[in-house]
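What follows is a set of notes on a single structure, which appears directly below.
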Amino acid sequence: MKVYISLIAIVLLFSRCRECSNDINYGERVLIPVSFEDFTVQEINEMNVYRIDRTTFKRDTFKLPHLMAAYGAYNYSTMITDRAYKSDYGYYDSYLNNSDLILAWSGGSDTMSNIVIKKSKADGDKCHKDDPNVRVDEISFVWRSKAYHKNEIILMTKD
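Anchor point for the sequence shown: position 17 equals 11 in my numbering, and the numbering is continuous, going up by one each time.
Shown next, in the form of structure tokens:
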């Protein structure tokens, strides 16, 4: 009888241990959908980006694929994310928040201005309460004199 009770206790103990996984819940990413018109994939991957911090007027320069979620364009639609160019901004800060982004190509440029990105920690279960579990609360910016918000697609043309 003691053997059966011991086996049941061991089974219950191990079933409790499997309740939580070792996976880390990173949560939501900042994704700004962009659709390119009249560009080749090579032109998209060769675009320069100038990020200007609206507080300090500091300017960073790099290629557009660095901000792409997939690190490069493979077709005419892509997603821009807020991956920091040179430093780590942590889970809840954003590299693009309070900045202007100038996208420049041979023969032209366009600007995403007054970018606002706000993040917070989402509620999680007891297994992942210490995980980052980022929630993107707000994404807004001005593109060609029109205000855009989370999940709205930018149509970029060469005109």
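C-beta: ideal position from N, C-alpha, C; glycine also.
Classify Y65: buried if its beta carbon has 16 or more other beta carbons within 10 angstroms, exposed otherwise. Taking the first residue of the sequence shown as 1, we reach residue 65 at position 71. Answer is exposed; the Cβ neighbour count stays below 16.
Kindly identify the DSSP beta-bridge partner or partners of G84. Here residue 84 refers to the residue found at position 90 of the sequence shown. G84 is not bridged to any residue.
What span of residues does the beta strand (DSSP E) with E132 cover, start to end? Locating residue 132 in the sequence shown gives position 138, counting from the first residue. Unbroken beta strand (DSSP E) run through E132: V128 to W137.
Since I believe D94 is in contact with V24 (beta carbons under 8 Å), could you give me their beta-carbon distance rounded to a whole number of angstroms? Within the sequence shown, numbered from 1, the residue matching residue 24 stands at position 30. Within the sequence shown, numbered from 1, the residue matching residue 94 stands at position 100. Their Cβ separation, rounded to whole angstroms, is 16 Å, which puts V24 and D94 out of contact at 8 Å.
Go ahead and label R45 buried or exposed: buried means 16 or more other beta carbons lie within 10 angstroms of its beta carbon, across all protein chains shown. Counting from one through the sequence shown, the residue named residue 45 turns up at place 51. Answer is buried; the Cβ neighbour count reaches 16.
Reduced DSSP secondary structure (H/G/I, E/B, other) of I(-1): Working through the sequence shown from its first residue, we reach residue -1 at position 5. Of the three classes helix, strand and coil, the one that applies to I(-1) here is helix, per DSSP.
Count the other CB atoms within 10 Å of the CB of K57; is the residue buried (16 or more) or exposed (fewer)? In the sequence shown, counting from the first residue as 1, residue 57 sits at position 63. It is exposed - the Cβ of K57 has fewer than 16 other Cβ atoms within 10 Å.
DSSP puts G118 in a beta bridge; with which residues? The residue given as residue 118 occupies position 124 in the sequence shown. Bridge partners of G118: none, in fact.
Any idea what DSSP makes of E37, helix, strand or coil? On the sequence shown, position 43 is the one that residue 37 refers to. E37: helix per DSSP, three-state reduction.
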